[in-house]
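Note that the protein sequences, when read in sequence, are chains A and B. Going by the numbering used here, the first sequence runs without a break in its numbering and finishes at 766. Going by the numbering used here, the second sequence runs without a break in its numbering and finishes at 766. Using N, Cα and C, we set each Cβ at its ideal position, and we do this for glycine too. Take a look at the structure set out below.
There are 2 protein chains.
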Amino acid sequence: MIQTVELVAKNIKRLREFKSFSQKEVCADSTIPQGQYSRIENAKVEPSISTLEKLALVFEVDIAEFFKSDDLEQEVNLPLMQKIKMIDTLAKDEQQALLKMIDLALANKRMKDNLQTLIAQ
Amino acid sequence: MIQTVELVAKNIKRLREFKSFSQKEVCADSTIPQGQYSRIENAKVEPSISTLEKLALVFEVDIAEFFKSDDLEQEVNLPLMQKIKMIDTLAKDEQQALLKMIDLALANKRMKDNLQTLIAQ
DNA sequence: TATTTTTATACATCAAAGTATATATTTACA
DNA sequence: TGTAAATATATACTTTGATGTATAAAAATA
């Protein structure tokens with residue numbers, strides 16, 4: 646299992662090389678010292694959130710992009726999100742019915758969690 | 646424009662409260678000192694990548710989840726969106742069951758739409 | 001090979017993590 | 001109710017690691 650810091654480093658380097666930037670160029674636009682940037686690409690350090698923020702601006706991506714693994718994306722949420730948007734197009738009563746079902750499922754989950762907690766005590 | 650650190654803090658706190666965990670419980674499972682966790686939720690510090698990694702494990706989400714903005718909530722109705730995020734925390738089989746129900750509702754809607762279109766012609 | 005360009009590393013400084021403790025909040029019992 | 005005990009959250013202080021600065025090493029170009 647690849648370490649997250651290395652994944653982030655690889656993604657950052659890949660983005661830079663895709664844009665054919667030198668480290669210096671990236672840093673000129675981001676106020677990150679080139680030396681620090683070098684350490685980030687080589688996973689010698691764990692870049693802070695504000696550093697990632699600066700890099701995301703330069704590369705014009707979301708920060709989340711840095712954490713995406715190469716192997717087939719676990720985009721379980723995407724299809725769900727599409728469905729959700731469609732739910733909005735349902736009639737009010739249909740929407741309510743669906744929401745009730747969701748509530749049930751979630752209540753069930755919470756109940757199980759609470760039981761777990763009790764057992765753990 | 647909301648700061649990324651604050652966004653991350655909010656997302657982390659929301660995930661914890663949904664699971665009805667105390668800070669201590671989260672920390673027991675993650676080796677993060679409770680004091681440090683408190684500072685993270687209050688955006689007093691920028692959590693490191695390895696800290697985010699530990700939290701992602703406890704909450705059973707991708708790290709990218711911490712960086713997702715609430716903007717999506719403006720596209721869809723708000724209470725629904727909150728439920729959706731909760732669905733993510735359900736077990737796989739429960740999730741599948743719920744998705745099937747959603748599919749059914751949507752298929753039904755499509756069918757009616759198609760009928761409407763036919764009638765209108 | 002000299003020069004320029006690119007990337008990496010040594011060292012000082014500041015912020016996150018770790019430890020201990022304090023403060024707040026909830027709960028249990030008289 | 002009031003209050004003691006327990007639980008939950010926040011904060012001071014030390015340690016460790018990321019950032020900032022300067023410089024060195026490596027690679028590319030002429």
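Assigned exposure category for residue i - 16 Cβ within 10 Å defines buried
i         : result
ILE663(A) : At residue 663(A) the sequence reads Phe, which differs from the Ile that was named. Per the 10 Å Cβ criterion, exposed.
GLU651(B) : exposed
ALA673(B) : exposed
LEU710(B) : The displayed chain sequence assigns Glu, not Leu, to residue 710(B). Buried.
THR696(B) : buried
SER667(A) : exposed
GLN766(A) : Caution is warranted here: a pLDDT of 31 is assigned to GLN766(A), below 50, making its placement in the model unreliable, and no coordinate value can be reported.
LEU723(A) : Note on LEU723(A): pLDDT 47, under 50, position unreliable in the model; no value is reported.
Residue i (DSSP reduced to helix, strand or coil)
i         : result
GLU698(B) : helix
THR676(A) : coil
SER683(A) : helix
GLU662(A) : helix
GLU691(B) : coil
VAL706(B) : coil
GLU669(A) : A small fix is needed here, since residue 669(A) is Lys in this sequence, not Glu. In the structure shown, LYS669(A) sits in a helix (DSSP, three-state: H, G or I).
LYS713(A) : coil
LEU723(A) : Low confidence applies here, because LEU723(A) scores a pLDDT of 47, under 50, leaving its location unreliable and the question unanswered by this model.
Contact set for residue i: own chain, Cβ-Cβ below 7 Å, skip 5 residues either direction
i         : result
GLN719(B) : Here GLN719(B) scores only 41 on pLDDT, less than 50, and its place in the model should not be relied on; the value that follows carries that caveat. Nothing listed; no residue qualifies.
VAL671(A) : ARG661, TYR682 and VAL703
VAL690(B) : ARG684
Straight-line gap, residue i to residue j (C-alpha atoms, nearest Å)
i         : j         : result
VAL721(B) : LEU702(B) : Note on VAL721(B): pLDDT 47, under 50, position unreliable in the model; the coordinate value appears next. Approximately 28 Å, taken between the alpha carbons.
SER683(A) : GLN648(A) : 18 Å
ILE657(A) : GLN679(B) : 31 Å
SER665(B) : ALA688(A) : 35 Å
LEU700(B) : GLU698(A) : 20 Å
SER675(B) : PHE712(A) : 20 Å
ILE677(B) : ILE677(A) : 28 Å
Residues of its chain near residue i, where Cβ-Cβ distance is below 6 Å and the 5 sequence neighbours each way are ignored
i         : result
LYS655(A) : none
PRO692(B) : ILE685
LYS669(A) : GLN679
Residue i CB to nearest heavy atom of the ligand PLP below 8 Å
i         : result
LYS699(B) : The model on display carries no ligand, and the ligand PLP is accordingly not part of it.
Contacts around residue i, its chain only, beta-carbon distance under 8 Å, and the 5 residues preceding and following it disregarded
i         : result
VAL706(A) : LEU660
ILE708(B) : ILE694, LEU697, GLU698 and ALA701
ILE764(B) : With a pLDDT of 41 at ILE764(B), under the threshold of 50, the modelled position of that residue is not reliable, and the figure given next carries that caveat. Here the set comprises nothing.
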